[in-house]
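Student:
In structure tokens form, the structure reads like this:
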């Protein structure tokens, strides 16, 4: 009688083949209690005719009918003599939805074992799938030690059903329910939980000596030296040694048991502490010295168990919200889109919402949470909450809670995963078991600790997830997420392929780029050749170094930056502002940086100004007139007049009259005779070094044929890369595929005040177009300034009726895009320039790094340095006729980046030069509701420059 129960519950430990299934005798169900979940599940077995559905329900049956129900299981065993080990008898079945390709997903569903999928599902491209299978194998092994103790098994399975760090409450629940039943289970689970964070793989080299086969010993040593994640190591050992992780085998006993590496001989030097620089970035955000010290411990000492204490003392501490959100950004960055969930189905079809953990494991985790809560108690690290039967009391609300806490929606003003207080109070008032509440416990007091926030923009409103998304499959496909789920190997970053391909038939929407981890203990990756700012290993808060991501996959060539005194406050109007605090003074945006208040240079109009002052107010720096008599300054930026240039700090000898891009930087023959001078226009943010507008290149002997970055020359010919274009002796027109609409010059004015020969040339420079024709006006820099200078500009009509546009500062025409105005620190930019061999930091550098943070190919990044020296970044749709959903997706991408800047998240500010960002202000575009007709198109308007040259839109995705 036990045999088929064992097969259903512990697939991995048994190699058993049973006869084909048939519907069981309904009389078996008389052994179950009437109206119980077991009776309902059993009755369904008698009615199901589909073998696949029968297998699925039989697999789930032990969850409803414990093995202790001997008569029931004996009857079922005699009626259903077995379970085919194929399909549901394989632990990998629950992982199949993680497969990237549809072929692999289909093969996985039909497989009997991991070997059956190896030909179709390649490990290089299907890393999430194989990682999930390995974890399930571990879980199946550990939880099989529970025997017939169902509750112990359920709490054990909860550890392995999510991809996030096991919580203290989960670990304690396993200890509480399993310690008297199975020491082996506790040892196995304890070893697994200690792998968060795992110790250095090479610390386990001694386990390889315990393998019986010589080839397995050699493979084991090679795997531990070359692979870093637990999933990769487990996969490699299983494949190379040809065996499953069984505890009776000495090598596996060493890896999976409670064994610890032997102490090194005294003459050996112990391994240095391992770093997680991404998490270390967050520690300065702690509000208490205890959590700050514990954060530094878990970030600098790999293998430390301090993280369990940290979870208990800091994870739910309301004063540590900023620290916890920062760590969450590192562990699970917010990503757009959620789909393919089988349990939390109301979270599907939401391509413009941000989630931290929308995946199959979290979906299963939510289902398991509901099962655990159905026992009548919700266990928290610092309290237990007694509840009524949640299967009858507001079951949909409880499901929304479980799914929200597992899937973790991110909201625009808060990145935390906390449900709203009113929902918390409501659900505990109706479903809390008041008879078992401790003295003084009330729903209000409990929720004050768990969910103290009730602003729907800062907490998760459950009502949003009580019903399915209103979007259909066809509408959802308007917004794509090529990197969610991640199709790349664990040591590669996934990036949206915006460069395009020469061979369009084999073109992939994503690129897998080699990367580096931010420290030996970190899973946070940055792309190869990137320059990264990380906290120093030793030294106080505010001491950083800038490193490069080298080809070895590690950070290297680190150079120390001057330390920043983060304890020095700013005194503003008699008030103290701490380092990193943003605030406003009049119309200025300011940020405190090491005791200095850094503010925007906007021109303000006071409330008590006279009517005459208001009439003459232009909004331009220093009150300069809005006449357009452009000058080109030494930073490569065109200013609308000498007055504005002088106001921004340039001396008369530091600018010349005329547009920067209309000058010829090679006229003076600045290069050596054996070199070629090529114009390279740029706007520099650092002034430590010169800002040359050209570069001198020799004719390259050979070009990297693997580097594909299409470039179009002035003759309209396409080249695979800029190198090949230069090798052919051609002149660059713009980066990207050649466009028919750009073959003939047709001037346009960019938002940066520069005149471009074609719209493609502007796009290549990462500049969006303001209006057609040469630049001849400067727009207002303030909402209260008149727009007389732009009154003569004929703006194209909005290409999307009903769009609520934004007008970038200094521009004449509105645009249907989301806009960030970023305050930045010139001193930091100069430091980055010095550390990079005096190479200038440019606006183009900033935009190229920011593009990496936009994950939707239907949106792209454009920007410029405003004339009052703020960085203006536009995140705009690039389709010829963008839909409302695509407009919304771009707005959400902008909100995400705005939040990362203002909260100084390591996922963004680790990158140089984005590390110099201090503050961001956002304006987003939206589309009028379809419930009524939108307003007629505004005569002076533009809902993204494609009213200009519609045929040129495709270049946006390729530059």
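Residue numbers (mature numbering (1 follows the signal peptide of the UniProt record, and there is no 0)): -23 to -1, 1 to 936. Heads up, the beta-carbon is just placed ideally off N, CA and C, and yes, glycines get one too.
Looking at residue 746: is its Cβ nearer than 8 Å to the Cβ of residue 476?
Tutor: It is not a contact, given that the beta carbons lie outside the stated cut-off.
Student: On the DSSP letters alone, give me the boundaries of the alpha helix (DSSP H) that residue 404 sits inside.
Tutor: Element bounds for residue 404: 398 to 408.
Student: Given that a residue counts as buried once 16 or more other Cβ atoms are within 10 Å of its Cβ, and exposed if not, what is residue 872?
Tutor: buried
Student: Within 10 angstroms of the Cβ of residue 188, are there 16 or more other Cβ atoms? Answer buried if so, exposed if not.
Tutor: buried
Student: Please report the distance separating the alpha-carbon of residue 80 from that of residue 93.
Tutor: Each residue's Cα considered, the two are about 13 Å apart.
Student: Which partner residues of residue 463 appear in the DSSP bridge assignment?
Tutor: In DSSP, residue 463 forms no bridge with anything.
Student: When the Cβ atoms of the stretch 726 to 746 are set against those of the stretch 759 to 769, are three or more pairs found closer than 8 Å?
Tutor: no
Student: Tell me residue 363's beta-bridge partners as DSSP assigns them.
Tutor: 354
Student: Grab me the residues of residue 458's own chain with a C-beta within less than 8 Å of its C-beta, minus the 5 sequence neighbours each way, in chain order.
Tutor: 312, 313, 314, 328, 832, 833
Student: Enumerate in chain order the residues of its own chain whose CB-to-CB distance from residue 881 is below 7 Å, with the five nearest sequence positions on each side excluded.
Tutor: 557
Student: Hey, residue 637 and residue 604 are a contact pair by Cβ (cut 8 Å); roughly how many whole angstroms apart?
Tutor: So it is not a contact: roughly 18 Å between Cβ atoms.
Student: Would you kindly check if the distance between the Cβ of residue 402 and the Cβ of residue 420 is under 8 Å?
Tutor: Yes, the Cβ-Cβ distance between residue 420 and residue 402 is below 8 Å.
Student: Enumerate in chain order the residues of its own chain whose CB-to-CB distance from residue 193 is below 6 Å, with the five nearest sequence positions on each side excluded.
Tutor: In chain order, 218 place their CB closer than 6 Å to the CB of residue 193, counting only its own chain and leaving out the 5 sequence neighbours on each side.
Student: Under 8 Å: do the stretch 794 to 803 and the stretch 840 to 854 share three or more Cβ pairs, one atom per stretch?
Tutor: yes
Student: For residue 535, which three-state DSSP category applies?
Tutor: Residue state, collapsed to three classes: strand.
Student: Do residue 129 and residue 121 come within 8 Å of each other at the CB atom, strictly closer than that value?
Tutor: no
Student: I need the straight-line Cα distance from residue 580 to residue 550, nearest angstrom please.
Tutor: Computed Cα separation, rounded: 20 Å.
Student: Within 10 angstroms of its Cβ, does residue 683 collect 16 or more other Cβ (buried), or is it exposed?
Tutor: So residue 683 ends up on the exposed side.
Student: What are the start and end residues of the beta strand (DSSP E) that includes residue 894?
Tutor: 894 to 900
Student: Give me, in chain order, the residues of the same chain whose beta-carbon lies closer than 6 Å to that of residue 627; leave out the 5 immediate sequence neighbours on both sides.
Tutor: 610
Student: Tell me the rounded alpha-carbon separation between residue 867 and residue 351.
Tutor: When rounded, the distance between both Cα atoms is 41 Å.
Student: Using 10 angstroms around the beta-carbon of residue 729, count the other beta-carbons present and answer buried if the total reaches 16, otherwise exposed.
Tutor: buried
Student: Assign residue 376 to buried or exposed, taking buried as 16 or more other Cβ atoms, counted over all protein chains shown, within 10 Å of its Cβ.
Tutor: buried
Student: Between the alpha carbons of residue 659 and residue 666, how many angstroms are there, rounded?
Tutor: 14 Å
Student: Taking the alpha carbon of residue 228 as the point to measure from, which residue in 213, 263, 186 has its own alpha carbon closest?
Tutor: 186
Student: Alpha carbon to alpha carbon, how far is residue 234 from residue 126?
Tutor: Confidence is the limiting factor: at residue 234 the pLDDT is only 45, short of 50, which leaves the residue's position unreliable and the question unanswerable from this model.
Student: Check whether the stretch 289 to 309 touches the stretch 883 to 901, taking contact to mean three or more Cβ pairs, one atom from each stretch, closer than 8 Å.
Tutor: yes
Student: For residue 716, is the classification buried or exposed, using 16 other Cβ atoms within 10 angstroms of its Cβ as the cut-off for buried?
Tutor: Residue 716 should be labelled buried.
Student: What residue range is occupied by the uninterrupted alpha helix (DSSP H) comprising residue 254?
Tutor: 254 to 257
Student: Only counting the same chain, and skipping five residues up and downstream in sequence, which positions put a Cβ closer than 7 Å to that of residue 322?
Tutor: Result list for residue 322: 445, in chain order.
Student: Check the DSSP bridge columns for residue 653 and list the partner residues they point to.
Tutor: 674
Student: For the stretch 558 to 620, list the alpha helix (DSSP H) runs that are entirely contained and at least 4 residues long, ordered along the chain.
Tutor: 588 to 593
Student: Does residue 501 come out as helix, strand or coil in the three-state DSSP assignment?
Tutor: If DSSP states are grouped into helix, strand and coil, residue 501 belongs with coil.
Student: Excluding the 5 residues preceding and the 5 following residue 519 in the sequence, name in chain order all residues of the same chain whose CB lies nearer than 7 Å to its CB.
Tutor: Answer for residue 519: 540, 541, 542, 543, listed in chain order.
Student: For residue 487, is the classification buried or exposed, using 16 other Cβ atoms within 10 angstroms of its Cβ as the cut-off for buried?
Tutor: buried
Student: For residue 88, count neighbouring Cβ atoms within 10 angstroms of its own Cβ and tell me buried if that reaches 16, exposed if not.
Tutor: buried
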